[in-house]
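S.K.: To start, I am sharing the structure in question, which I have written as C-alpha cells.
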Amino acid sequence: MCAGVRAAKSMSRYVQRIEELMRQNRKLKPVLITLTVKNGEDLEERFKHLDAHLGRF
0 MCAGVRAAKS MSRYVQRIEE LMRQNRKLKP VLITLTVKNG EDLEERFKHL DAHLGRF
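Per numbering that gives the first Met the number 0: the sequence shown = residues 0 to 56.
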C-alpha cells in the first residue's frame with residue numbers, strides 16, 4: 000500500500016477531531032509523520048535509538 004493511501008486511511012479516523020482543533024486554532028497545520036529505523040537484532044537498542052533522536056523534531 001502506498002504511503003499516500005495509508006496516510007489517507009489514518010487521517011480519515013481522526014477527521015472530526017482534527018476539524019475541531021482547526022476551528023479552535025486556525026494556525027494549526029495537520030501533519031502525519033511516520034518514523035522508521037533499520038532492522039536490528041536488539042529491539043531495545045532500536046527503540047532507544049528512535050527515542051534518542053525523536054527530540055530533533
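We treat Cβ as the ideally placed atom computed from N, Cα and C, and that holds for glycine.
By Cβ distance, which residues of its chain are closer than 8 Å to I17, with the 5 residues on each side in sequence left out?
M.R.: As a position in the sequence shown, residue 17 is number 18, starting the count at 1. M10, P29.
S.K.: Taking the alpha helix (DSSP H) that F46 falls in, what are its first and last residues?
M.R.: Along the sequence shown, read from residue 1 onward, the residue named residue 46 stands at position 47. Where F46 is concerned, the enclosing alpha helix (DSSP H) starts and stops at 42-52.
S.K.: Pick helix, strand or coil for K8, following the three-state DSSP scheme.
M.R.: Counting from one through the sequence shown, the residue named residue 8 turns up at place 9. Three-state result, K8: helix.
S.K.: What distance in whole Å lies between the Cβ atoms of L49 and V36, which are believed to be in contact at a cut-off of 8 Å?
M.R.: Counted from its first residue, the sequence shown places residue 36 at position 37. Counted from its first residue, the sequence shown places residue 49 at position 50. That belief holds up - the Cβ atoms of V36 and L49 are roughly 5 Å apart, short of 8 Å.
S.K.: Could you check which residue in L34, V14, K8 has the C-alpha nearest to that of L55?
M.R.: Indexing the sequence shown from 1 puts residue 55 at position 56. Inspection of the sequence shows that residue 55 is occupied by Arg rather than by Leu. Considering only alpha carbons, the answer is L34.
S.K.: If we call anything under 8 Å between Cβ atoms a contact, is A51 one with L31?
M.R.: As a working note, residue 51 is residue 52 in the sequence shown. As a working note, residue 31 is residue 32 in the sequence shown. When the beta-carbon positions are compared, A51 and L31 stay at least 8 Å from each other.
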